[in-house]
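Below is one structure, written out as structure tokens; the observations come after it.
Residue numbers (our numbering): 864 to 1426.
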């Protein structure tokens, strides 16, 4: 009886500590869910007991080296995309998740992808194509084209409804808001994928406005990505004259299309980063160049103006000295003129007095002779008359010669006076020019201040005068060449070996380039153009409008040269 009582007590304890089947199964399911990261993604084994249903296929996977098995299920949504069929007796690799069904208390693999182990015919064909393309050199680095540094129109070959398109657009417009993206719609999986991709790639390559071609799609099973290994698609990408970027699947996926492309990207987002420049970094670089230009230009202008001012001062001093010399000559000329007048008066008076005395003496002699010799009076009178004529002629000739000589000397003196007057006028003109130069210096300083401060009315003028956007090819405006030219101008001005006129021309050119470059960087969001799969053909595709590239300032009142 005591033994029976002990057995009853033990049975009561077991009932209280025992789990129900439902609780046990729930706990097993919860434990497996928490430990999901401990299970591998891929499992290899031998296929057996295959049972196909419309909604899925059941089969067992047996260990290759043992008798252990595990039940597997491949639902029809995944099974229909398998590259290989599920065949009993073959060794296969499956990508699956571990599932536990609490209702039946069984564990099985939920298969997402299936591959036959060994070289299938499709794998052999892929390797043969890879070897052929390698022999042709399509994988070599010498065949790769460099990607454009600043593409203005990017052609994207992808599905119009896939997430790859949005991922690429978001990444591209984050880095380069002004870039135009033209979508060439194509089928990216299935039987029609290859011809659709070939048509879209060729349409993008034939468009002269496309600077870069991006072929992309998201991840998927190997079978869904197989179209990117087909020879027509691979050769269409390899034959592109336009640089290409291919981003198919995820990091672990690899296709021949990526191998022949000029650059491969891991994901559509990475393709958007590879295809576009970092415009924020470019803007910082341009601002640095602009500051260098401003400092170098101001240094050259200051140096040249200082040198010019020194030359003007030296010229003024020289003119003042020349004027003083001329003034001294004028004074000497005036003194000489006074001396000439005095000498002329003295000489003329002395000569006339001398002639008068001689005439008087002669007349007295004649009168005396007349009184003493009346007979010869008439003859004497005749001789006197002749003598008077000779004296008059001699007197007139001497006076005329002396007067002509004095006139010549006076003319020379007046010419000297006229030269001195011209020198004085030149000195006054130099003073006026100096004043003009000072005014120009003040104007230049004022213009520099206004330009540097960037007054709001300038910005308003630029906004009001922006012209309608127009298309610009890379030949008309190349951002890389513009930046290089700006750096050359900055280095030239920093050397300080140019004259003022050249420095001014360089500064005007730099202002024009900076304004054009800012317009190319500040165009806002790029334009999205969609072409469906049918529009990929060259005969039916119409080129989308270009995005604005340059805003031209037609208002010259802002202090900078017009573009």
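A virtual CB, placed ideally from N, CA and C, is assigned to each residue, including glycine.
Treat the numbers as computed from the prediction; the structure is a model and nothing was measured.
In the pairwise beta carbon analysis, the segment 1044-1051 is classified as not touching the segment 905-914: fewer than three pairs are separated by under 8 Å.
Under the criterion of beta carbons closer than 8 Å, residue 1155 and residue 1353 qualify as touching, at roughly 4 Å. For the 7 Å CB-CB criterion, residue 949 and residue 978 do not form a contact. Nearest to residue 1305 by C-alpha distance, out of 1183, 1164, 975, 1368, is 1164. A straight-line Cα-Cα distance of about 11 Å links residue 1110 and residue 1125. The C-beta distance from residue 1077 to residue 1097 rounds to 16 Å, too long to meet the 8 Å contact threshold. Residue burial annotation: residue 917 is exposed, with fewer than 16 other C-beta atoms found within 10 angstroms of its C-beta. Taking the CA atoms as reference points, residue 942 sits about 8 Å from residue 975. Three or more pairs of CB atoms, one per stretch, sit closer than 8 Å, so the segment 991-1008 contacts the segment 1087-1106.
Only exposed fits residue 929, as fewer than 16 other CB atoms lie within 10 angstroms of its CB. By the 16-neighbour rule on beta-carbons within 10 angstroms, residue 1378 is buried.
According to the DSSP assignment, residue 1137 belongs to the alpha helix (DSSP H) that extends over 1131-1138. Per DSSP, reduced to three states, the secondary structure at residue 905 is strand.
The beta carbon of residue 947 sits closer than 8 Å to those of 955, 977, 978, 979, 983, all from its chain and outside the five residues before and after it, given in chain order. Where residue 976 is concerned, the enclosing beta strand (DSSP E) starts and stops at 969-979.
Between residue 1159 and residue 1356 a beta carbon distance of about 3 Å is seen, short of the 8 Å cut, so the two are scored as contacting. With distances taken between CA atoms, residue 884 lies nearest to 968 out of 1309, 1295, 968.
Around residue 890, the same chain offers 882 as residues with beta carbons nearer than 8 Å, after the five sequence neighbours per side are excluded. Here residue 1103 carries a coil assignment [DSSP, helix/strand/coil]. Contact between residue 1239 and residue 1232 holds: CB atoms are separated by about 7 Å, below the 8 Å threshold.
Note that the C-beta distance between residue 920 and residue 937 is below 7 Å.
Sequence-distant partners of residue 1028 (beyond 5 residues in either direction) whose C-beta falls short of 6 Å from its own C-beta, in its chain, are 1021. By the Cβ criterion, the segment 997-1007 is not in contact with the segment 1032-1044, since fewer than three pairs of Cβ atoms, one from each stretch, lie closer than 8 Å. By the CB criterion at 7 Å, residue 1131 and residue 1079 fall inside the cutoff.
Collapsing the DSSP output to three states places residue 1092 in a helix. Taking every protein chain shown into account, the CB of residue 1294 has fewer than 16 other CB atoms within 10 angstroms, so this residue is exposed.
1137 is the residue among 1137, 897, 1000 whose C-alpha sits nearest the C-alpha of residue 1013. Following the DSSP letters along the chain, one finds residue 1021 inside the beta strand (DSSP E) bounded by residues 1016-1021. Residue pairing by DSSP puts residue 1080 in a beta bridge opposite 1111. In the three-state reduction of the DSSP assignment, residue 1249 falls in the helix class, which pools H, G and I. Runs of the beta strand (DSSP E) lying entirely within the segment 927-969, each at least 3 residues long, are 932-938, 954-964 in chain order. Per DSSP, residue 1052 lies in no beta strand (DSSP E) and is assigned neither H nor E. In this structure, the alpha-carbon of residue 1310 lies about 20 Å from that of residue 1362. Sorting 1087, 1148, 1179 by C-alpha distance to the C-alpha of residue 1118 places 1087 at the top.
Distance from residue 1081 to residue 1025 at the Cβ level is roughly 6 Å; contact confirmed, criterion being Cβ atoms closer than 8 Å.
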